[in-house]
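In the numbering used here, the protein residues as written are 77 to 656.
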């Protein structure tokens with residue numbers, strides 16, 4: 077080290093050999109920063125480049141495939157909203173897709189084509205277009221698209237609702253209708269299990285806070301339905317973004333839900349198997365499980381290779397079908413009952429008219445002074461015309477599944493004057509159709525059950541069994557829900573008993589306008605906010621006790637002003653009906 081001294085200062089000079097380590101460290105840091113920036117840039121650029129290449133190749137492939145049969149004709153595609161590069165119209169779906177799609181249809185027409193990433197999606201929002209898709213060309217639109225979440229939760233989509241069109245789906249649907257959901261099976265259960273066993277079969281699976289596998293299944297079905305409803309996930313439409321399911325937690329939630337549901341379904345099957353072996357069937361609601369287990373054993377022992385190929389019902393297939401039967405019935409029942417009670421509480425005239433009809437039919441005349449002893453049975457339902465009108469109007473305004481489960485176009489075709497390419501997803505907006513001013517000229521946004529009533533109702537002949545396409549809450553055609561008859565019997569029976577045995581009012585200080593009538597985010601139409609009401613009945617119920625009218629999660633509550641030893645509605649002499 078060299079030192080130079082002057083009168084006022086001293087300067088110390090460091091040899092270059094001692095400065096070298098600092099220079100090296102600084103240089104390494106600079107290179108590290110540059111390398112980090114390069115890696116970061118590549119991490120962004122490579123996926124974007126792959127996405128762009130995928131989009132270009134996908135468009136060329138689709139164009140080549142669509143024009144293969146008609147190389148000299150220019151396609152006339154439906155009108156489309158302007159989208160973004162790569163993602164298309166995915167960003168326009170919003171938290172309530174049925175409302176977003178209705179707004180887009182108002183601007184672009186009842187038949188429009190969206191680009192959901194790489195997937196073309198035909199959106200249908202009018203009765204005429206729905207008729208063409210689900211009746212006139214039902215065979216062309218009979219299959220389902222392959223979606224990641226249903227594949228996991230439904231054992232490879234081996235249920236009925238999400239299964240692709242083919243021999244397995246046909247056999248499963250035929251077996252369900254013949255053995256589980258058809259009129260003959262309902263008649264057999266009624267003969268053997270009492271007049272109201274239908275309520276146990278589906279509504280009983282809703283969560284009642286009790287013990288046993290029924291309560292467990294009900295607790296898990298909310299999670300399952302919420303995940304199945306999220307069929308607008310970017311990973312299904314942009315293959316290069318499938319990793320987003322891991323990042324946003326979807327994969328973890330699906331895996332957790334599947335493990336829990338599978339464990340509970342195994343318990344159910346084991347329990348039902350023991351019942352079959354011992355011959356002790358102490359639960360009418362287990363009839364579905366017993367039938368499916370019997371079919372499983374028959375298919376396993378079938379000697380014909382062709383029969384085994386076409387209809388081999390494995391244990392996983394049984395669990396997938398049970399998810400359909402338990403989940404769809406429970407969810408639809410809860411949604412319809414919840415919205416029906418909300419609308420009736422807002423319309424006192426409709427509530428009183430319904431109570432007058434139900435109590436009159438069941439009690440042999442209105443105003444008999446003993447409404448608490450009324451027992452509503454299936455035999456009473458055909459005479460309750462206004463009850464059916466209320467339920468139809470509820471499902472028109474609040475379709476349980478606002479967007480029907482997507483279909484897929486199996487060949488190039490035309491809908492109206494527009495071309496639809498093979499492989500396009502087809503989304504029918506049943507919620508928008510139910511509020512279409514062209515189909516419902518009389519106040520389509522208002523709750524008016526009288527429109528469905530006989531003797532002058534403008535829609536008296538309209539039903540929801542797939543013949544009238546302005547009201548399609550259960551779909552139509554060969555993919556229509558096969559359990560519509562059973563589901564509606566449950567809803568009618570439940571709502572009739574609620575209004576027959578209780579007088580309803582809003583809590584003190586609340587008015588009709590205070591009821592929140594918005595839906596929760598997602599692809600079902602659950603209410604956003606719980607519905608609270610006060611129930612008074614002549615048969616005493618505990619003071620200030622709270623219980624659930626719909627049989628589902630703690631959402632729809634009522635408070636009774638009388639006193640007795642009962643602890644809930646289900647314990648208050650409601651026979652076999654379970655609403656707690």
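Cβ atoms here follow ideal geometry from the backbone N, Cα and C, with glycine treated the same way.
6 Å Cβ shell around residue i - same chain, five flanking residues per side excluded
{"i": "residue 154", "result": "187, 188, 189, 494"}
{"i": "residue 392", "result": "231"}
{"i": "residue 238", "result": "220, 226, 230"}
{"i": "residue 579", "result": "612"}
Residue i: first and last residue of the uninterrupted alpha helix (DSSP H) it sits in
{"i": "residue 320", "result": "320 to 323"}
{"i": "residue 432", "result": "424 to 439"}
{"i": "residue 225", "result": "224 to 229"}
{"i": "residue 473", "result": "461 to 473"}
{"i": "residue 184", "result": "173 to 184"}
{"i": "residue 207", "result": "203 to 207"}
{"i": "residue 326", "result": "326 to 354"}
{"i": "residue 310", "result": "310 to 313"}
{"i": "residue 368", "result": "363 to 377"}
C-beta atoms of residue i and residue j nearer than 9 Å
{"i": "residue 151", "j": "residue 192", "result": "no"}
{"i": "residue 475", "j": "residue 419", "result": "no"}
{"i": "residue 545", "j": "residue 204", "result": "yes"}
{"i": "residue 389", "j": "residue 371", "result": "yes"}
{"i": "residue 467", "j": "residue 569", "result": "no"}
{"i": "residue 483", "j": "residue 220", "result": "yes"}
{"i": "residue 548", "j": "residue 201", "result": "no"}
{"i": "residue 479", "j": "residue 257", "result": "no"}
{"i": "residue 492", "j": "residue 211", "result": "no"}
{"i": "residue 502", "j": "residue 551", "result": "no"}
{"i": "residue 507", "j": "residue 175", "result": "yes"}
{"i": "residue 64", "j": "residue 523", "result": "In the structure as shown, the chain starts at 77 and stops at 656, and residue 64 therefore has no counterpart that could be examined."}
{"i": "residue 613", "j": "residue 577", "result": "yes"}
{"i": "residue 592", "j": "residue 582", "result": "no"}
{"i": "residue 511", "j": "residue 518", "result": "no"}
C-alpha gap between residue i and residue j, whole angstroms
{"i": "residue 228", "j": "residue 332", "result": "11 Å"}
{"i": "residue 605", "j": "residue 595", "result": "8 Å"}
{"i": "residue 171", "j": "residue 414", "result": "21 Å"}
{"i": "residue 428", "j": "residue 366", "result": "42 Å"}
{"i": "residue 597", "j": "residue 407", "result": "15 Å"}
{"i": "residue 539", "j": "residue 248", "result": "26 Å"}
{"i": "residue 537", "j": "residue 584", "result": "40 Å"}
{"i": "residue 314", "j": "residue 335", "result": "27 Å"}
{"i": "residue 564", "j": "residue 161", "result": "45 Å"}
{"i": "residue 477", "j": "residue 225", "result": "17 Å"}
{"i": "residue 423", "j": "residue 575", "result": "14 Å"}
{"i": "residue 451", "j": "residue 438", "result": "7 Å"}
{"i": "residue 455", "j": "residue 416", "result": "22 Å"}
{"i": "residue 463", "j": "residue 530", "result": "12 Å"}
{"i": "residue 623", "j": "residue 375", "result": "Its pLDDT being 37, under 50, residue 623 is placed unreliably in this model, and the coordinates cannot settle the point."}
{"i": "residue 566", "j": "residue 377", "result": "35 Å"}
{"i": "residue 339", "j": "residue 453", "result": "36 Å"}
{"i": "residue 373", "j": "residue 345", "result": "12 Å"}
Neighbourhood of residue i by C-beta distance below 7 Å, restricted to the same chain and skipping five residues each side
{"i": "residue 341", "result": "395, 398"}
{"i": "residue 180", "result": "157, 168, 188"}
{"i": "residue 329", "result": "303"}
{"i": "residue 207", "result": "545"}
{"i": "residue 320", "result": "310, 311"}
{"i": "residue 209", "result": "200, 217, 491, 502, 504"}
{"i": "residue 553", "result": "210, 211, 214, 542"}
Reference residue i; option with closest CA among the options
{"i": "residue 587", "options": "421, 392, 549", "result": "421"}
{"i": "residue 692", "options": "375, 240, 347, 472", "result": "In this structure the chain extends from 77 to 656, so residue 692 is not present and cannot be described."}
{"i": "residue 215", "options": "240, 348, 202, 564", "result": "240"}
{"i": "residue 436", "options": "194, 599, 573, 221", "result": "573"}
{"i": "residue 555", "options": "236, 206, 344, 179", "result": "236"}
{"i": "residue 488", "options": "592, 585, 198, 611", "result": "198"}
{"i": "residue 255", "options": "363, 200, 323, 311", "result": "363"}
{"i": "residue 669", "options": "406, 541, 525", "result": "Missing from the structure shown is residue 669; the chain here goes from 77 to 656 and no further."}
{"i": "residue 311", "options": "507, 222, 530", "result": "222"}
{"i": "residue 253", "options": "527, 562, 577", "result": "562"}
{"i": "residue 369", "options": "480, 613, 502, 251", "result": "251"}
{"i": "residue 185", "options": "566, 514, 576", "result": "514"}
{"i": "residue 196", "options": "553, 343, 500", "result": "500"}
Segment limits, beta strand (DSSP E) that includes residue i
{"i": "residue 592", "result": "Per DSSP, residue 592 belongs to no beta strand (DSSP E) and is neither H nor E."}
{"i": "residue 503", "result": "501 to 504"}
{"i": "residue 664", "result": "The structure shown has nothing for residue 664, since the chain only spans 77 to 656."}
{"i": "residue 243", "result": "It is not in any beta strand (DSSP E) - residue 243 instead sits in the alpha helix (DSSP H) that spans 243 to 252."}
Chain-order list of residues whose beta-carbon lies under 8 Å from that of residue i (same chain, five-residue window excluded)
{"i": "residue 142", "result": "Here residue 142 scores only 46 on pLDDT, less than 50, and its place in the model should not be relied on; the value that follows carries that caveat. Answer for residue 142: 151, 488, 495, 497, 498, listed in chain order."}
{"i": "residue 300", "result": "229, 333, 337, 399, 403"}
{"i": "residue 348", "result": "362, 365, 366, 369"}
{"i": "residue 558", "result": "236, 249, 252, 253, 257"}
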